[in-house]
Amino acid sequence: DPNDEHELQRSLGITELTYSARSPFGGGGASATIQMAAAAVASGAAKHVLVYRAFNERSGRRFGQPTDLNIEFPDIHWSFGIDTPAKIYGIWYQRYMHKYGVTSEDLGHYVVTARKHAATNPAAWFYQRPITLEDHQNSRWIVEPLLRLLDCCQESDGGVAFIVTSLDRARDLPQVPARIEAAAQSHLHGGHILFDYYRKDLADFEELRAVTRQLWQQSGLTPDDIDVAILYENFSPVVLMLLEGHGFCKVGEAKDFIKGDTIGLNGKLPVNTNGGLLGEGYIHGLNNITEGVRQIRGTAANQIKNVEHVLVSAGRSAAILGKV
């Protein structure tokens, strides 16, 4: 957040900045940046938009510590001791896991797959360091009985940037472009409280359902058309909710969907082929977007064959990237 647009303008030597924007809600707004940049280009407000995110949250400061969050996200819940991301999201996930009988071991199946993908991605923090389900189950509790250490994303040093421009201009560039086929975000009533514990059913990710509806309407695609899914996972349980909310499996069935090789590199729906935020690194989800672009280009470390459409989802925002 301290990486101000005008500071970057000065550093890059841009003489005039004609458009700037920010998406709300941290990582939940990651894919909204695609929508905002595309809208600016389509409307003529900008010719080329640079989308960026940078962190020093491993060497500079620990993003997940209570002292930081008290400053950045003031909320009535702090007085009850809900003062770290793991605690905040844990309340939400607990209802989902209770309602659908999801266990810590169920979550471990996803984490093992993510770490397997990271182990063959040279850019990943956990490159060449796969884990077993036993490793996951032996990792210490962070929020018992929901989140173990290996269910939590990284606190990373790193930066990510990509450019959104017109398709005509992109065709002239040396890199193969990825076409934005759909992009959406949803912020429902009451959603200005990011961690809203007062909804009728905490197990229902309402914004996700609204985003999904927009994506399929804009693109004319269905879940069966998606070749790779890149899903934001600050913590492992949200992967199950995203798989269900986007329609890849029925509600309550994700815990079984992720078992076996269904979401592996050779599976029906490869998920987080870069290792995701748990395995590659946590740059607020923008590194997931660049992984989606690489899959479309055919340049990913764990490249899937014949990729035509990639879903990049952060829950409250999502986009579909496709071949030109």
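All residue numbers for the sequence shown refer to my numbering, where the first residue is 999 and numbers rise by one.
Even for Gly, the Cβ is constructed at its ideal location relative to N, Cα and C.
What you are looking at is a predicted structure, and each value in this text was computed from that prediction instead of being measured.
Straight-line CA distance for residue i to residue j?
i: Y1196; j: H1187; result: 12 Å
i: I1069; j: N1264; result: Residue confidence is low: I1069 scores 47 on pLDDT, short of 50, so the model does not pin down where it sits. Its coordinate-derived value is still stated next. Rounded to whole angstroms, I1069 to N1264 spans 44 Å at the Cα level.
i: I1012; j: D1002; result: 14 Å
i: Q1173; j: K1321; result: 13 Å
i: A1037; j: Q1183; result: 13 Å
i: K1266; j: A1112; result: 15 Å
i: T1210; j: D1202; result: 13 Å
i: D1155; j: G1079; result: 28 Å
i: E1205; j: M1239; result: 12 Å
i: A1316; j: V1291; result: 14 Å
i: T1130; j: H1096; result: 25 Å
i: A993; j: F1246; result: Because the chain is modelled from 999 through 1322, residue 993 falls outside the range shown and cannot be assessed.
i: V1164; j: L1048; result: A small fix is needed here, since residue 1164 is Ser in this sequence, not Val. Each residue's alpha carbon lies about 13 Å from the other.
i: T1260; j: K1303; result: 16 Å
i: V1226; j: A1084; result: 27 Å
i: D1199; j: V1141; result: 21 Å
i: A1298; j: N1232; result: 22 Å
i: Q943; j: S1041; result: Given that the chain is displayed from residue 999 to residue 1322, the structure contains no residue 943 and the question cannot be resolved.
i: L1067; j: V1269; result: Caution applies to L1067, whose pLDDT of 48 falls short of 50 and renders its modelled position unreliable; the value that the coordinates give is listed next. Cα to Cα, the separation comes out at about 30 Å.
i: L1010; j: S1018; result: 15 Å
i: D1327; j: L1309; result: Residue 1327 falls outside the range modelled here, since the chain spans only 999 to 1322, and no answer is possible.
i: L1213; j: H1244; result: 9 Å
i: H1307; j: G1296; result: 12 Å
i: E1005; j: A1030; result: 22 Å
i: R1177; j: L1319; result: 6 Å
i: E1179; j: H1046; result: 18 Å
i: G1025; j: M1034; result: 15 Å
i: L1148; j: I1294; result: 29 Å
According to DSSP, is residue i helix, strand or coil?
i: Q1183; result: strand
i: T1288; result: helix
i: F1078; result: helix
i: S1164; result: coil
i: L1213; result: helix
i: N1054; result: strand
i: I1228; result: strand
i: L1067; result: Because L1067 sits at a pLDDT of 48, beneath the cut-off of 50, its placement in the model cannot be relied upon, and the point is left open.
i: G1243; result: helix
i: L1144; result: coil
i: G1042; result: coil
i: D1155; result: strand
i: R1177; result: strand
i: W1123; result: coil
i: E1014; result: coil
i: K1114; result: helix
i: P1172; result: coil
i: K1085; result: helix
i: D1194; result: coil
i: V1109; result: helix
i: K1303; result: coil
i: T1297; result: coil
i: G1099; result: coil
i: I1032; result: helix
i: L1200; result: coil
i: L1219; result: coil
i: A1019; result: coil
i: D1002; result: coil
Contact defined as beta carbons within less than 8 Å: I believe residue i pairs with residue j. What is the distance between those atoms, to the nearest angstrom?
i: Y1094; j: V1100; result: 7 Å
i: V1236; j: G1313; result: 7 Å
i: L1105; j: S1234; result: 4 Å
i: V1158; j: R1051; result: 5 Å
i: G1279; j: Q1092; result: Not quite, the Cβ-Cβ distance comes to about 27 Å (not below 8 Å), so this is no contact.
i: E1289; j: I1228; result: 5 Å
i: F1160; j: I1281; result: In fact, because the Cβ distance is near 12 Å, the residues do not count as touching under 8 Å.
i: G1277; j: A1122; result: 5 Å
i: A1116; j: G1262; result: That pair is no contact at about 13 Å.
What does DSSP give as the partner residue(s) for residue i in the beta ladder?
i: V1047; result: V1162
i: L1309; result: A1227, I1318
i: C1150; result: F1233
i: W1139; result: R1146
Mind checking whether the beta-carbon of residue i lies closer than 7 Å to any heavy atom of the ligand HEM?
i: T1031; result: As presented, the structure is devoid of all ligands, the ligand HEM included, so that no description of it is given.
* Asked: At what residue ranges does the region 1248 to 1294 contain a whole run of the alpha helix (DSSP H), taking only runs of 4 or more?
  -> 1252 to 1255, 1274 to 1277
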